[in-house]
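Student: These protein sequence lines map, in sequence, to chains A, B and C.
So for the first sequence, my numbering puts the first residue at 12; every next one is plus one.
So for the second sequence, my numbering puts the first residue at 20; every next one is plus one.
So for the third sequence, my numbering puts the first residue at 2; every next one is plus one.
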Amino acid sequence: MNRTRHLRVDRISCTGQGLCAELLPELIDLDEWGYPVLKDRTVPGHLRAHARRAVAACPRLALRTDRDRP
Amino acid sequence: MNSPTTAPPTGGHGAPPPDGSSGVRLLAGWYATGRPATLADHLGRYGPPPVTAAGGPASAGLIEAVEAAGLTGRGGAGFPTARKLRAVADRRRRAVVVVNAVESEPASRKDRFLLAVAPHLVLDGAVLAAGAVGADTVHVCLPRDPSGGYRRLDAALEERRRAGLDRVRLLPHALPHAYVSSESTSLVRWLGGGPARPQGSPPRSHERGVDRRPTLVSNAETLAHLALIARYGPDWFRRSGTREEPGTLLVTVSGAVVSPGVLEAASGTPLTTLLDRAGGPAEPLRAVLLGGFAGTWLPAEHLRTPLARRDLAPLGAAPGAGVVVALPRSACPLTETARMLAYLAAHSARQCGPCRLGLPAVAEDFAALAAGRADPVLWSRLSHRVALLPDRGACRHPDGAARLAASALHAFADDVDRHLTEGPCPAAHEPPRIPVPPATPPEAWR
Amino acid sequence: MTTLALTGSPLWYASRAGGTLALVLLTATVVLGIASGGRAAPRRTGRFGIGLLHRDLSLLTLVFLVVHVVTAVLDPFARLGWAVSVVPFGASYRPLWLGLGTAALDLLLAVLLTSALRLRLGVRRWKAVHRLAYAAWPLALFHGVGSGTDTRLPLQLWLYAGCLAAVVAAVWWRLAKAGPGRVAARLLAATAATAVPVVLGAFLAAGPLQPGWAQSAAAAALPLGGGR
Chain A
12 MNRTRHLRVD
22 RISCTGQGLC
32 AELLPELIDL
42 DEWGYPVLKD
52 RTVPGHLRAH
62 ARRAVAACPR
72 LALRTDRDRP
Chain B
20 MNSPTTAPPT
30 GGHGAPPPDG
40 SSGVRLLAGW
50 YATGRPATLA
60 DHLGRYGPPP
70 VTAAGGPASA
80 GLIEAVEAAG
90 LTGRGGAGFP
100 TARKLRAVAD
110 RRRRAVVVVN
120 AVESEPASRK
130 DRFLLAVAPH
140 LVLDGAVLAA
150 GAVGADTVHV
160 CLPRDPSGGY
170 RRLDAALEER
180 RRAGLDRVRL
190 LPHALPHAYV
200 SSESTSLVRW
210 LGGGPARPQG
220 SPPRSHERGV
230 DRRPTLVSNA
240 ETLAHLALIA
250 RYGPDWFRRS
260 GTREEPGTLL
270 VTVSGAVVSP
280 GVLEAASGTP
290 LTTLLDRAGG
300 PAEPLRAVLL
310 GGFAGTWLPA
320 EHLRTPLARR
330 DLAPLGAAPG
340 AGVVVALPRS
350 ACPLTETARM
360 LAYLAAHSAR
370 QCGPCRLGLP
380 AVAEDFAALA
390 AGRADPVLWS
400 RLSHRVALLP
410 DRGACRHPDG
420 AARLAASALH
430 AFADDVDRHL
440 TEGPCPAAHE
450 PPRIPVPPAT
460 PPEAWR
Chain C
2 MTTLALTGSP
12 LWYASRAGGT
22 LALVLLTATV
32 VLGIASGGRA
42 APRRTGRFGI
52 GLLHRDLSLL
62 TLVFLVVHVV
72 TAVLDPFARL
82 GWAVSVVPFG
92 ASYRPLWLGL
102 GTAALDLLLA
112 VLLTSALRLR
122 LGVRRWKAVH
132 RLAYAAWPLA
142 LFHGVGSGTD
152 TRLPLQLWLY
162 AGCLAAVVAA
172 VWWRLAKAGP
182 GRVAARLLAA
192 TAATAVPVVL
202 GAFLAAGPLQ
212 PGWAQSAAAA
222 ALPLGGGR
């Protein structure tokens, strides 16, 4: 049940709103145009709730967490 | 290296197999006759594809034969073909096969050439693959260009129809000729009625592709090799090439060589040999571009390296789709690279942020560097922007452009220094040495 | 007329208060939605704060809407019946003005449902339904104004004016910030932002602000409902 989760960005849907980086700065940076740069795809256990919040906050639904492959 | 004798598994058709070790297989007919092979020529040389004679059971073993042969995709990524076949064959629904001959890489001509001189080898491969994965339809995708390739393909398909050769439907298509429209998801999207632009996954094509059916997208050359493996077996296939990377591959040699063109060589052939077979360098060489516009610059001192993944990997390069462009010493490598980057930026699908904003910015920075218009922070800004391109798009277009830019900065570090400190170089105003299509956005995506 | 507003059961008062609060909350939700779409960036909270507030206020809106609807249905005076809460324009009591409210509620329920399932629906389908909230807001406003029980109270009028000003200002702010492209959508937004205040003003002057509106609106419906 407690398998690791990986962040995935749908790059076509993403419009660089940047909310994900506000909510999950530990794993997500923004480039100079406001588009996300994943510092690490793997979500550590203690950031899981934050990751969930970041996924829920994306207005384009472009951020997801996958259970399996990175 | 490998077992010395192999009986063709389905033997008895046509002429004996083309010599396995010489490195000429797909183009053997072309070299022998000097003219494109008609269906009669093709059947005389190779016999009918084994799927038609045997029906289903012959194709069941084909995936295993392809796996034993160690065939990898010849479209650039080099993915094991057997794994791809199996992924599609394992799905329950009836599958679709897509032949990718769109070949949008400006420095590559090998798929077009192969389809022009030996179309039935490619089509045999497609039909055999269709049998192996359980497909009833084969879409053959070509670029929409004025070369007449589509008309010739149509004629070849008509020949097969008249001969009643195939049990599957073979449909020709002409796709918009943009750099990213040869990406496999672009083909799937276009065949589904959409624009020929890459699509983010999932779902992956082998799960849900054309008509929401499991879809095998395979490069034209790969399928031609598959057609020969089906006839002569994996051991025959392994008689050429290296142990890790068996077989031959088609190589497009262009740039500063005496007679540029497409040739077939065993995997692992040294780059110097390839250049010599293209007539040799027309003038002293500075470097070669390997893998195309999305490839890597390899300085001339590495030209003895074999054209194989394993040998090129330590140098940060890869054979890609078999593109070798020779850059003469008289050219400015940064100017040539800048023009390629401008083309790549113009030909992005403009879907993802990094391609819409990052790639043009990199191209602009690079153009400023090449022209000697560098501002004090240009180098650090450019390196930073290049580093942020890879792995951030729906497809690998930004990765390829970043690879080209990074390898130029690395391979031509002295030139970079000189351009930064001394301003424009004299060669910058010379006419371009490597032909690059105009850096204007594609006219159509549909 | 004021006397009419002072008669009636506690349920009737609760319903009117719930409805008014729901309108104010819906207005705030819509304004925040417009603001986040226009990439408003408050200095003290992050931009995600707007999104969270938008979500929380929308849920609170629905809470007060439930209060508004349940108390209205339970109130013996209007004898609405539960069907009224979901089937628009079927009421015997002020069918048009009540129906607007029911339609707004239905739209908001669709928005709620699709928002809960948005990760499965995908952004395009979710957004398509989510835009219905823009239609729900004027429906709710006209429902409140037209039903009219409290419309002539100065405080209530100021409240409506405030709600209207907030949403219209948000729309114009967003239009001013918007880049090129999507001309049709921007034209539609500008037209709607102009039309709603004009129509509302004209309607107020013609109807609810005339003496006897609440009575006549109710009285007109009473014989049909066969009530008292």
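Each residue gets a CB set at the ideal place from its N, CA and C atoms; glycine is no exception.
Curious, which full-length alpha helix (DSSP H) runs of at least 4 residues does the stretch 70-110 of chain C contain?
Tutor: You should have found no qualifying run.
Student: So what does G274(B) bridge to, in DSSP terms?
Tutor: Bridge pairing for G274(B): A345(B) [DSSP].
Student: Taking 7 angstroms as the CB-CB cut-off, is D21(A) touching chain B?
Tutor: yes
Student: I need the boundaries of the alpha helix (DSSP H) containing W255(B), first residue and last residue.
Tutor: For W255(B), the enclosing alpha helix (DSSP H) begins and ends at P253 to F256.
Student: I'd like to know if A413(B) contacts chain A, where contact means its C-beta is closer than 7 angstroms to some C-beta of that chain.
Tutor: yes
Student: Using a Cβ-Cβ cutoff of less than 8 angstroms, which residues in the same chain neighbour T291(B) once the five nearest sequence positions on both sides are dropped?
Tutor: L322 and R323
Student: Check whether the stretch 329-336 of chain B and the stretch 385-403 of chain B touch, using three or more Cβ-Cβ pairs below 8 angstroms as the test.
Tutor: Contact fails: fewer than three Cβ-Cβ distances are below 8 angstroms.
Student: Once you ignore the five residues that flank P409(B) on each side, which residues in its own chain have a CB closer than 8 angstroms to its CB?
Tutor: Closer than 8 angstroms at Cβ, skipping near neighbours: P417, D418, A421 and R422.
Student: If contacts are defined as beta-carbon pairs under 8 angstroms, then V136(B) and A145(B) qualify, I think. What distance do you get, rounded to the angstrom?
Tutor: Your pair V136(B) and A145(B) does not check out as a contact, with CB atoms roughly 17 angstroms apart and the cut at 8 angstroms.
Student: Counting only Cβ-Cβ distances shorter than 8 angstroms, please list the residues of the stretch 26-57 of chain C near chain A, keeping chain order.
Tutor: S37, G38, R40, G47, R48, F49, G52 and L53
Student: Which term fits G102(C), buried or exposed, when burial requires 16 or more other beta carbons within 10 angstroms of its beta carbon?
Tutor: buried
Student: Please confirm whether V130(C) has its beta-carbon closer than 7 angstroms to some beta-carbon of chain A.
Tutor: no
Student: Please compile the residues from chain A whose C-beta is within a distance smaller than 7 angstroms of the C-beta of L407(B).
Tutor: D42 and V48
Student: Assign W316(B) to one of three DSSP states: helix, strand, or coil.
Tutor: strand
Student: Name the two residues that bound the continuous beta strand (DSSP E) containing C31(A).
Tutor: Unbroken run through C31(A) is the alpha helix (DSSP H), L30 to L34; no beta strand (DSSP E).
Student: For the candidate residues P47(A), R14(A), P55(A) and C31(A), whose alpha-carbon lies nearest to that of R411(B)?
Tutor: Sorting P47(A), R14(A), P55(A) and C31(A) by C-alpha distance to the C-alpha of R411(B) places P47(A) at the top.
Student: Listed in chain order, which residues of the stretch 51-81 of chain A have Cβ atoms closer than 7 angstroms to some Cβ of chain C?
Tutor: A68, P70, R71 and L72
Student: Could you give the distance in angstroms between the alpha-carbon of V455(B) and the alpha-carbon of P125(B)?
Tutor: 7 angstroms
Student: Taking 8 angstroms as the cut-off, does the stretch 155-174 of chain B touch the stretch 433-440 of chain B (at least 3 CB pairs, one atom from each stretch)?
Tutor: No, the stretch 433-440 of chain B is not in contact with the stretch 155-174 of chain B.
Student: Answer yes or no: does any C-beta atom of chain A fall closer than 7 angstroms to that of G372(B)?
Tutor: yes
Student: If you run the structure through DSSP and keep just helix, strand and coil, what is D130(B)?
Tutor: Here D130(B) sits in helix by DSSP.
Student: Starting from D40(A), follow the beta strand (DSSP E) in both directions and report where the run begins and ends.
Tutor: I39 to L41
Student: Between the beta-carbon of V199(B) and the beta-carbon of T271(B), is there less than 7 angstroms?
Tutor: no
Student: Just how far apart, CA to CA, sit G377(B) and G52(C)?
Tutor: 28 angstroms
Student: How big is the Cα-Cα spacing for L26(C) and S59(C)?
Tutor: The straight-line gap from Cα to Cα measures roughly 7 angstroms.
Student: Under 7 angstroms, Cβ to Cβ, is there at least one residue of chain C near L35(A)?
Tutor: no
Student: From the beta carbon of V124(C), is the nearest beta carbon of chain A less than 7 angstroms away?
Tutor: yes
Student: Alpha carbon to alpha carbon, how far is G42(B) from R257(B)?
Tutor: 11 angstroms
Student: For the stretch 371-395 of chain B, which residues have a CB atom closer than 9 angstroms to at least one CB atom of chain A, in sequence order?
Tutor: Taking a C-beta cut-off of 9 angstroms against chain A, the contacting residues of the stretch 371-395 of chain B are C371, G372, P373, C374, R375, L376, G377 and A380, listed in chain order.
Student: Excluding the five sequence neighbours on either side, which residues of its own chain have a C-beta within less than 6 angstroms of the C-beta of P338(B), listed in chain order?
Tutor: L326
Student: Distance, Cα to Cα, D21(A) vs L49(A)?
Tutor: 12 angstroms
Student: Could you pull the start and end residues of the beta strand (DSSP E) that H448(B) belongs to?
Tutor: No beta strand (DSSP E) holds H448(B); DSSP gives it neither H nor E.
Student: Can you tell me which residues form a DSSP beta bridge with P454(B)?
Tutor: P454(B) is not bridged to any residue.
Student: For a contact meaning CB atoms closer than 9 angstroms, what does W127(C) contact in chain A?
Tutor: L72
Student: What residues from chain B crowd round C25(A), counting only those whose CB sits closer than 9 angstroms?
Tutor: C371 and G372
Student: Taking C-alpha atoms, which residue in L304(B), A108(B), P373(B) and L308(B) lies nearest to P347(B)?
Tutor: L304(B)
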